[in-house]
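Residue numbers (the numbering used here), protein chains in the order written: chain A, 1 to 912; chain B, 1001 to 1912. Positions of the beta carbon are idealized from the N, C-alpha and C atoms, including for glycine.
Shown next as structure tokens:
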């Protein structure tokens, strides 16, 4: 029989940290901490219900298998034996927590129920246990009622409150506010035991009133209600939306952890805290953390009270006046310090630890690999490598591409910043700099971003409902919360600029106002954040490049280069881009789009001449326009070849359908008509003639080159003449001529004839012996992959155009996908946008076939990718795996590509 | 060393009829006739230069290998020995013909040179040989000059005459006409030896004058000129255009046959003729042919004189007054009769024979499988099967799909015809009936047809330059020529309606008038032809269905059914189409397009309601419109299920992008707006919202069903309720529900949920236990083929939508391909339009992957094709080969599909 329940506690455990798939991250680490001989830390005993139960639960109409009940019963018995308490025992009751725990951490996305087992029958036993602390017990009871009625009962009743205001939780909060007001209490802690007792009674009446059911007074009912609530929350709206963003498959499911309750809020000899074995903000090798006396864990995470530093090192401007744990409870701090050292050397990575002190006894509640920002990740990796804690390969694997990406984010221009007054200071929770317009709700953030605006989401504090808005914003700013608050955790995970706990700010979301030291900022006003320092500025400060002179980063990237096999080129359409890319480490250009050179220039001349060529009707008209266009094309190509001297430059001949270049506005049309000496009617007719029903699959790429060979010829001549001039100037240009939209080898042969003819002409004209060059093809039409053997007989290189291949592979027009993509993602039909990361199953299969057949015909065929996927880490890994020679991406993605390529190589080694 | 020249003659031959690829059809058959022990017929000795020489010639800049010259020399020697004559010998000269001969017959498409070897030095020897017939020899010489100067010299000089008038041939003809006029001659035959002698001198002067070269007087120069002219003509305009139409690869090349000249024009004891071992017009088992006394072969084919019947059987209304060969030369007729019998039993198929009688001696010049029209092909196949000449499989292989297609062509409505007066009678050269507007030039035929007009090409006689116009016309009508004239041969090959030799007609092409028994018809007037009878009618007579009560055809198709493995279904969108298709032999419906039912109805109501649904903005608006639409949809589905009772009906849910249905005209928009109670602006905005950049890959098919599940639901409900009603009426409906544009299994699962829910509802509502049905998917998105294993877990059947798969496989938008397809075909980049016949290499590979992966997941997966390719014979063969279960095509293509499926099976057996 399959085991569904894994016990841990008393120095033993059924599971271990390798069983994350089955036990979830939290469960596996609890087992490891409790049971591994090298650790055996003081973990409150408990058990984990496996993720397989979750899968079973959803497959069987939210029912459990028969065996589960008895397995849970047995595990509860074991806890009772270890704790010498009994679940539901009026004299000496056992209370438990019920928590989620997925394979990958999903902070705050699923439900938790604490204090389970507290009933009218066990309250008195509990008061006895707490040393007669009646207030504490009724506070625990009212917390249970609030949490349970919201998380379990309301959801089980199938009630979906229209808004926050109408939910049961809010109703109960209102009652509590009312009682506080009547009593003149400022804070929850001002309420007496008697007040809380009354509140519990009021709560239960309200629950019965609204939800039509009594609050359960049976501990088993509470326990199973809690378990089901956790499983149900796996498919809650928040969790599903988080999984979309984080690419977590729906099928994984969550585990449930049931664990003996320990209380950090049993008085001043109790506390709770969160700590990191190294500083997650900058990577320094020092023990770093926060704690709260007389508080429960949720209080730290929720950011309601500002936590104190655990030691001197953890002090910041923000909390430097508060007393450290090291000072108040030195023996417990020492114990904790030992444990964290043990954990880091055991796990060989920075750990994020949760602990609780109940009446002077330290309990370890959780440990996991700690999240860190990009700079910290790079520093830790390089430090641990030096400390010989990890190997070179491990160091490379320790930095995720998105962490690296953070380092490449712009930062606030230091000069501009120096001149500017800080409006507010907060905790540096997310790196880099950002500017944007203020919005006060997540919904607005999403809306505004959709309109193309840059926004900064300003909140008193964030909660899981804000996730989408946080995603949409350039940066997040909160007035409350610490480094471990929701906003900080989420932003750090994404590498997004974020400042939390900027206490000087007052956020009036209802009025849409932000009060800061006398000034009032309103919705739409500009703010600039320096997330690395925690500084908030009014207005829109300029940004600058973070890459310059970052030594650890450059060391790290060189480490990556020493490992990777895949080449990294760039997509660049101008000499300027090419130069920048070379600084980032590009080893050539994978895609130079001839047509892009016509846009974004100071002069409209080249574009005008291009347009003239396009609306030409006869070959002679067209040749005339091409002659006029020629010098512009040659100049840009020459500049780019020079910037990439001695490195390959793949130049793609004109690709998009001609009508894309026809001007839309009337004045330009008129200008064109008069220059061509034709009437507007004639010009409009010509333009109309170019119109297509499905231009994506129309007259473009090589199809243009075949019907209008003179267009290809002009470009090919420009390439060879530019190269010839450079050779005569002592340079080493290396163009690769690429044909687009190819579906048959005969198309290539047709164009190759032009290449060969022009090549001979140019050699003769410039009196040189040869120009190093290649002739090749895009592989973007699905058919091309199937006839790759034929293509490779003509082409010396392939470059995968995965944007178009995804369009045709899926039948998704990228321009039109908006009408259903959101539905597809929401309904889980697509796990992710296939234009972001390659679809390895379908499109990937087509790619593999192309490589296989191509290499069969030409062994040394050079194969790369130039679609936008080329900068996506998972795509890069895939490209490595299927044997490509290089990836090409935008200049800013090059460092990420260097890292991803190295990681791909390491993963491959690991598999062998 | 490779052999380039194959000799035949004197009862021996180097080659045989199996060597068609190397020797061409003509060469291989000459070798067989001359050399096979069972035949050894009197073939004038000669030799064949292989097709490999042609390939070499084009690969090497129109040069020959060194060995060729000596091989040809040796072969010429052998002829001289056998004939006891010498090439170029003034005393006893040998003359030869130089003819083309490709693998597949290309009648009249390439060049021929006769009388090669006739020079000023050999003329006198030749006169001696002919028994002093000076007139005959000078006539042969003037023919040589005319032919050679046109075919060899003008082309070699690179002169391309602007029009027929300015070519050398026309110039010479003008001289001849002038001489005839001077002499008062009506016909060529009236010219005396002296006249012809003078003409030769005039010709040579003109040739030198225009082409700047003397007419060659060296026999070797003549021979090699002729050989090169034939090879060059392989890439002549006419030949290339014919190959495009007939799908003959450019790479095949032609062979050249050099053969001793024999003369049918040496006097009244000489003759030439063409015969068939069975009647090619109706298939009757009788010897059938035509001949001309004192004429050369070209005279028969050119149709200048009306040929006489060879026997009583061959008599027709047209030639019944002429004397038969059987009567004039009974001994030679008997000899010929014996040879044709031998040939048919040797080749086991109807033979097309050319013969010449030179001074009372019979020579066999050619034999080949005879072309026949559709009815004849079917009859011959069935007869030969009964005669046990051929097997069942052979009988099936004897009818080509296009021949069968002829039988399915419409014929003139017999009742209407009975009432109508025949304007003219001619030879029934092409079957079926046709009506159309008169045009007088091939160019006009092409032009008018492009404008969508139905035309009849009327010509005095046709020549190879007319081929494209003949193709474009509904039918061809000529005033001259026999059953073996150019027009008849070509039309018969295509199965096109054609009447030749309608001598009562006078065609005045210059005036664009057709004179027929007193009436004058002009360009654009309507004509109706009955090609089976040879009758011409004035005006536009109605057509009727040829399939009805055609017993040999039905017997033949049943023979096919007994062999084929592939099922044949139809694409039908209405109950009427379904009924018709069932009559044609459809075994179910492979594609019922829900959206098609809205067009072409008497009432615009359903379309209006559909439009209403489409521009609905909210779900409730949409549901209301869907409710209104529901009864129409159910009615058509019910009618179709009934028409196909007990047979499967694949019903595809709404596929095309919604905006396709938005009305374009303003009045209808207004009507829609007022019915919806919205303003025109609002309606236009909604319509605008539906616009897409690339609708082919936009929001369509299952994507609509996912974003608007209520649309799927309505259709699914209509299907199940229609079926349920039929069940309760005692019928056996069998719907297969098909989802379109699928790229992932999750899309299918999403829709399957709706199907399952609605199915349960309907069963309960109608109180029935089950409705036999299937759930399946189109495979048209390339990705679908790659995830076919996943799809097959959900789908019970696949149906290949090869139109869209070709669009996406090639990246060809079918609507936009016009701008380059012609260029692609002309430049040989595409061998054929991939929307006509499936691209087996690329798209075919994708299909194979889909089948393989699909069947891996579900062994009994039903797989069919419903794209328009489903009616294309080569595609059908491919579908059989890759293991599909059925093809689906338009009702009229069903018989062709039944035949093609049987042939595919037979071909497969042959390969094993």
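ask   = Using a Cβ-Cβ cut-off of 7 Å (strictly less than) and excluding sequence neighbours within five positions of residue 1337/B, which residues of its own chain qualify?
value = Hits under 7 Å: 1287.
Reference residue 671/A, options 604/A, 72/A and 704/A, closest by Cα = Distance check between residue 671/A and each of 604/A, 72/A and 704/A places 604/A closest, using alpha-carbon atoms only.
request  = State the Cα-Cα distance for the pair residue 1137/B and residue 1192/B, rounded to the nearest angstrom.
outcome  = Linking residue 1137/B to residue 1192/B through their CA atoms gives a straight-line distance of about 11 Å.
message = For a minimum of 4 consecutive residues, which ranges assigned as the alpha helix (DSSP H) are wholly contained in the segment 1851 to 1903 of chain B?
response = List check, alpha helix (DSSP H) in window: 1873 to 1881.
request  = For the beta strand (DSSP E) holding residue 1710/B, just list the boundary residues, first then last.
outcome  = In this chain, residue 1710/B is not harboured by any beta strand (DSSP E); it is covered by the alpha helix (DSSP H) spanning 1709 to 1728.
query = Considering residue 778/A, what are the terminal residues of the alpha helix (DSSP H) in which it resides?
reply = Counting along the chain, residue 778/A falls outside any alpha helix (DSSP H), though it belongs to the beta strand (DSSP E) covering 774 to 779.
message = Tell me the rounded alpha-carbon separation between residue 1906/B and residue 1374/B.
response = Spanning the two alpha carbons is a distance of roughly 20 Å.
query = CB residue 752/A to CB residue 797/A, shorter than 8 Å?
reply = Cβ atoms of residue 752/A and residue 797/A: not closer than 8 Å.
key: Identified DSSP bridge partners for residue 1597/B   = According to DSSP, which records beta bridges pairwise, residue 1597/B is partnered with nothing at all.
Buried versus exposed call for residue 1600/B [16 or more other C-beta atoms within 10 Å across all chains shown] = Only weak support exists for where residue 1600/B lies, its pLDDT of 49 falling under 50; the coordinates are left without a value.
ask   = Going along chain A, which residues have a C-beta under 7 Å from residue 1703/B?
value = One finds 820 in chain A with Cβ atoms closer than 7 Å to the Cβ of residue 1703/B, taken in chain order.
ask   = In chain order, what residues of the same chain lie with their CB nearer than 6 Å to the CB of residue 1837/B, ignoring the 5 residues before and after it?
value = So the qualifying residues of the chain are 1872, 1874 and 1875.
key: Rounded separation between residue 419/A and residue 892/A - CA only   = Whole-angstrom Cα-Cα distance: 28 Å.
inquiry  = Spatial neighbours of residue 1523/B within its chain, please: C-beta separation below 7 Å, excluding the five flanking residues on both sides.
reply    = Sequence-distant partners of residue 1523/B (beyond 5 residues in either direction) whose C-beta falls short of 7 Å from its own C-beta, in its chain, are 1438, 1439, 1440 and 1512.
Enclosing beta strand (DSSP E) for residue 369/A [first to last residue] = That run of the beta strand (DSSP E) goes 361 to 369.
ask   = Using 8 Å as the threshold, is the segment 716 to 735 of chain A in touch with the segment 686 to 699 of chain A, meaning 3 or more CB pairs across them?
value = The segment 716 to 735 of chain A and the segment 686 to 699 of chain A do not touch, with fewer than 3 CB-CB distances between them shorter than 8 Å.
message = Please list, in chain order, the chain A residues whose beta carbon lies closer than 9 Å to that of residue 1747/B.
response = The answer, in chain order, is 824 and 829.
Other residues of its chain near residue 636/A: CB distance less than 6 Å, five sequence neighbours each side excluded = Beyond the five residues adjoining it in sequence on each side, residue 636/A comes within less than 6 Å, by CB distance, of 597 in the same chain, given in chain order.
Sequence-distant residues of its chain with Cβ nearer than 7 Å to residue 571/A (five each side left out) = Apart from the 5 residues on each side of it in sequence, residue 571/A sits with its Cβ closer than 7 Å to the Cβ of 590, 591, 866, 888, 889 and 890 in its chain, given in chain order.
task = Could you list the residues in the segment 706 to 719 of chain A with a C-beta less than 8 Å from some C-beta on chain B, going in chain order?
result = Contacts with chain B (Cβ-Cβ distance below 8 Å) from the segment 706 to 719 of chain A involve 706 and 707, listed in chain order.
request  = Compare the C-beta of residue 1266/B with all C-beta atoms of chain A and state if any pair is closer than 8 Å.
outcome  = No, because no Cβ of chain A sits closer than 8 Å to the Cβ of residue 1266/B.
task = Say whether chain B places a C-beta atom closer than 8 Å to the C-beta of residue 782/A.
result = Closer than 8 Å to some Cβ of chain B, the Cβ of residue 782/A qualifies, so yes.
ask   = Which of helix, strand or coil does DSSP assign to residue 1086/B?
value = Three-state result, residue 1086/B: strand.
Simplified DSSP state of residue 262/A, which is helix, strand or coil = Here residue 262/A sits in coil by DSSP.
request  = Please say whether residue 585/A and residue 425/A have beta carbons closer to each other than 8 Å?
outcome  = Contact annotation: residue 425/A and residue 585/A have beta-carbon atoms that are not nearer than 8 Å.
C-beta contact flag for residue 309/A and residue 319/A at 8 Å = Yes, Cβ-Cβ distance for residue 309/A and residue 319/A is below 8 Å.
query = Where does residue 1012/B sit, in a helix, a strand or coil, going by DSSP?
reply = Note: residue 1012/B maps to strand in three-state DSSP.
query = In angstroms, rounded to a whole number, what distance separates the CA positions of residue 1029/B and residue 1447/B?
reply = Between residue 1029/B and residue 1447/B, the C-alpha separation is close to 40 Å.
inquiry  = For the structure I just gave you, are there three or more beta carbon pairs, one from the segment 1388 to 1405 of chain B and one from the segment 1063 to 1072 of chain B, closer than 8 Å?
reply    = Contact between the segment 1388 to 1405 of chain B and the segment 1063 to 1072 of chain B is absent, because fewer than three Cβ pairs lie under 8 Å.
request  = Inspect the beta-carbon positions of residue 252/A and residue 51/A and report whether they are closer than 8 Å.
outcome  = Yes, they are a contact pair.
ask   = DSSP puts residue 1738/B in a beta bridge; with which residues?
value = Under DSSP, the beta-bridge partners assigned to residue 1738/B are 1652/B and 1776/B.
query = The beta strand (DSSP E) with residue 354/A in it runs from where to where?
reply = Taken as a continuous stretch (DSSP letters only), the beta strand (DSSP E) holding residue 354/A covers 351 to 358.
inquiry  = Any beta carbon of chain B sitting closer than 8 Å to that of residue 813/A?
reply    = Yes, residue 813/A lies at the interface with chain B (some Cβ there is under 8 Å from its Cβ).
inquiry  = Just to check my reading of the structure: residue 264/A and residue 358/A have Cβ atoms closer than 8 Å, yes? What is that Cβ distance to the nearest angstrom?
reply    = A Cβ-Cβ separation of about 7 Å places residue 264/A in contact with residue 358/A under the 8 Å criterion.
message = If I measure Cβ to Cβ from residue 1754/B and keep anything under 7 Å in the same chain, skipping five residues before and after, which residues do I get?
response = Here the set comprises 1709, 1712, 1713 and 1716.
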